[in-house]
Amino acid sequence: MTATLTRPSAPKEGRSTARSAAGRAARRAARRHRPGYFFIAPALALFALFFIYPLVSSFIQSFQSISGGETSWVGLAQYQRLLDDPLVAQSLFNVFLILVIQVPLMVCIAIGLAYILNQSWVRFRTGFRAIYFLPAVTTLVAYSLVFRVMLATDGGAANQLLGMVGMDPIDWLNSEGWARVALIASITWRWTGYNMIIILAGLQAIPAEQYEAARIDGAGRWAVFSRIVVPQLRPVILFSSITSTIGALQLFDENFILTGGGPNNATLTPVLYLYKVGFQQFDFGYASAIAWLVVAIIAVISVVQFRIMREKS
Amino acid sequence: MQTLRRSPLYVLLAIGAAVSLVPFLWMVIASTHTTAEIFSTPMPFLPGGELWTNLARLQEETGFARVMLNSVLVATLYTVFSCIVSAMCGYGLAKYRFRGRGLMLGGVLLTMMIPGQVLLVPLFQMMASVGWINSFQALILPFLANAFGIFLMRQAFLEFPDSLIESARIDGASEIKTFYRIVLPVARPQLAALVIYTFISQWNSFIWPLLMLNSEEKYTLPVALNTMVGLSRVDYSGLMLGSLLATLPLLIVFLLFQKQFISGLMGGAVKG
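Chains as they are written, first to last, in the working numbering: chain H, 1 to 313; chain V, 1001 to 1272.
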C-alpha cells in the first residue's frame, strides 16, 4: 500500500514525460503481445526437437562414416561416392524419365479435362469431375497393390484384356521398359484428376469477359484455348509441373510396392535408394548424403519456380 | 442435335471415367472371389460370393480388425493434436507482434521446402535411443508440427478483425478463451479442410511406420498390406479386400464432404 502512496514524483520536464509515456505504451504493447509466445510454444518446441535437431544431425552425419559402432570423419568422401555411384545416376535418370514423359502427359490430359469440364454446356459436369478425382482418394499403398495385381503377368486383368483383343501377354513388372510404363501409368492414374482440379480452379479465375471479347473479335475455339486460356493458366500449369517434379523425386510408396525399384533398378528413385542404403545396409552416413542431394535438387527447383513466378507477376 | 454432334466428346469423357473407375471395380470384384478365380481365364467381371469367407480369413490370418483400429487410433490422435498445434501457432503468428515472429514465420516456410526424407535417418536414431521403436507415439509425435497447417490457419486468422479480439479482452476474457471461443469458430471451414488433410496424411503414411513398426499387433494399414505381399503364398483376394477396406473410409469421407476434402487435399492450392 505504501508503495502506491510514495510513487516517484512526477517528472519535471515535459520532454521526459512524453518519453516515459511512450516507454509505458511500448511496454504495454510488448506485454499485450507476449501471449503470442504461449501460442507458438508447442509448435516451436516440436520443430526444434523433431526438425532442426535432426536436420543438423543429418547434415553432420553426411560428413561421417559409421561402421561397427565407430564414427569417423570422412570429409566430403560420402559426396564423392554420390558422384561415382552408378545407382545414384540411375535413380536420377529414372526421375528424369518420369519428368519428361509422365509430367507433361499428365498435365496435358489434366488441362484438356479441366477445359472441357469447365464448359457450361457439358452434361454431368460435376459427376465427371468427382469420378476423375476419385483416384486421388485412394491410399498410396492400396492403389499400388491393386495395380500390381492387375498387372500380374499370368492371368492379371491387364493381360486378360489384351488377350481378349488377341494380343500377347506383357511381362509388365519384370521387364525394364514395361515396368517403367507400369509405374508411369499408375502415377498418371492417381494424380491426373488431382491436377485437373487445380487447373480447373485456375480456369475459373479467368474473367468471362475475356472469352466474350475474343469471340466478338471472331476468334475460333482453338484460338481462344491457345491464345487466352493457356497463357492465363501458366502459373497454375507451372505449379502443377513443379509439384509433380518434386513428387517424382520423392517417389517411394508406388515403386516400393509395384517393383521394389527393379527390374535391374529401372524404377529406382532417390528416396527408395536412400531407404535401401540407410535401412537395409544401415549405412547412415551415405544415406544422409543422398538425402542432402535430394534437398539440394529440390532447393534448386524451388528457386527456379520462384524466379519464374516473379517474372510473370 | 447439339448433344448428338457432341457425342464423340461424351464418348471420350466416358472412356476417361471408365479408366478412373476400373481399379475400384476390380478391387470390389477381386475381394469377392477366391484367388484362383481372380487369375482364371476368363477373369470375373461381376462380384462373386466369397466376400465373407475372404473377410474371415483376412481377420484370422492378419488380425485385420486390430490393424484398422490401430490406423484409426493413430490417425485420430495425430489429427487432434496436430490441428491444435497448428491452430495455436497460426493464431500466435497472425495476431501477436512479438519479437522473433518474422524468424518463426521464415522457419515455418523453410520446413515446407525441405523434403521430410532428410529427417528419416536421424529421427530413426532418435526413436531408437529413447526406446520408442514399435510405439504409436513414434508415429505421432515427430510430425505434429505441420508447416502447411500452420500457414493455413494463419491465413484464416489474418482476416479476423482485431477490434473483436480487443473488445473480448476489454470484457475480461482471457487470451486462451478469446482464441477458442471467439476466433476459432470463425475459421471452421479451414479447420475442416485441415482435419481432413491431416487425417489422410497419417492414414496413408507408409515409409515412417514401415521403419518404426516391427510387430503385427502394432501395424497400421499400409504396413500390414505391405507385409501380406511379402508372404510366400500371397492371399491376393484378401489383399484386395484389405486395400478396399483401407480405401473405403476415405471414399466415404470424400462423398460426404467433397468440398472440404478437395481443399484439404489440395494443400492450399485451391481455396475451399
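For each residue, glycine too, the CB sits at the ideal point set by N, CA and C.
{"Asked": "For residue 1145 of chain V versus residue 47 of chain H, is the C-beta spacing smaller than 7 Å?", "Found": "yes"}
{"Asked": "What first and last residue would you give for the beta strand (DSSP E) that runs through residue 66 of chain H?", "Found": "64-67"}
{"Asked": "For residue 191 of chain H, which three-state DSSP category applies?", "Found": "helix"}
{"Asked": "With DSSP as the reference, identify every bridge partner of residue 1060 of chain V, one or two as the case may be.", "Found": "Partner(s): none; residue 1060 of chain V has no beta bridge."}
{"Asked": "Closer than 8 Å by C-beta to residue 2 of chain H: which residues in its own chain qualify, once you throw out the five before and the five after it? Chain order, please.", "Found": "For residue 2 of chain H, the pLDDT reaches just 38, beneath the cut-off of 50, and the residue's location in the model is therefore unreliable, although a value from the coordinates is still provided. None."}
{"Asked": "Name the one or two DSSP bridge partners that residue 73 of chain H has.", "Found": "H/64"}
{"Asked": "Residue 1022 of chain V and residue 43 of chain H - do their beta-carbons sit closer together than 7 Å?", "Found": "no"}
{"Asked": "Using the Cβ count rule (16 or more neighbours within 10 Å means buried), how would you classify residue 304 of chain H?", "Found": "exposed"}
{"Asked": "Taking contact to mean at least 3 C-beta pairs separated by less than 8 Å, is the region 208-225 of chain H in contact with the region 242-256 of chain H?", "Found": "no"}
{"Asked": "Quick one, which of H/147, H/254, H/77 and H/306 has its alpha-carbon nearest residue 1205 of chain V's?", "Found": "H/254"}
{"Asked": "Please name the residue in H/274, H/299 and H/206 whose C-alpha comes closest to that of residue 82 of chain H.", "Found": "H/274"}
{"Asked": "Any Cβ of chain H within less than 7 Å of the Cβ of residue 1127 of chain V?", "Found": "no"}
{"Asked": "So residue 1010 of chain V is in the alpha helix (DSSP H); what residue range does that whole segment cover?", "Found": "1007-1030"}
{"Asked": "If contact is defined by three or more beta carbon pairs under 8 Å, each pair taking one atom from either stretch, is the region 1201-1218 of chain V in contact with the region 129-143 of chain H?", "Found": "yes"}
{"Asked": "What is the rounded straight-line gap between the Cα of residue 1029 of chain V and the Cα of residue 1234 of chain V?", "Found": "17 Å"}
{"Asked": "For the pair the region 1118-1127 of chain V and the region 58-77 of chain H, tell me if three or more CB-CB distances fall below 8 Å.", "Found": "yes"}
{"Asked": "Report all residues from its chain with a CB closer than 7 Å to the CB of residue 99 of chain H; omit the five preceding and five following residues, and keep chain order.", "Found": "245 and 248"}
{"Asked": "For a contact meaning CB atoms closer than 7 Å, what does residue 1070 of chain V contact in chain H?", "Found": "The premise fails here: residue 1070 of chain V is roughly 14 Å from chain H at the closest Cβ pair, so nothing lies under 7 Å."}
{"Asked": "Got a sec: is the Cβ-Cβ distance from residue 1152 of chain V to anything in chain H below 7 Å?", "Found": "no"}
{"Asked": "Could you say which of H/285, H/252 and H/49 lies nearest to residue 74 of chain H if we only look at CA atoms?", "Found": "H/285"}
{"Asked": "Give me the Cα-Cα distance between residue 1162 of chain V and residue 1266 of chain V, rounded to the nearest whole angstrom.", "Found": "29 Å"}
{"Asked": "Give me the subset of the region 1167-1179 of chain V whose CB atoms are less than 7 Å from a CB atom of chain H, sorted by chain position.", "Found": "1175"}
{"Asked": "Helix, strand or coil, according to DSSP, for residue 154 of chain H in the structure here?", "Found": "coil"}
{"Asked": "Examine the Cβ distances between the region 224-233 of chain H and the region 200-212 of chain H and report whether three or more of them are shorter than 8 Å.", "Found": "yes"}
{"Asked": "Three Cβ pairs or more, each shorter than 8 Å: is that satisfied between the region 105-117 of chain H and the region 151-161 of chain H?", "Found": "no"}
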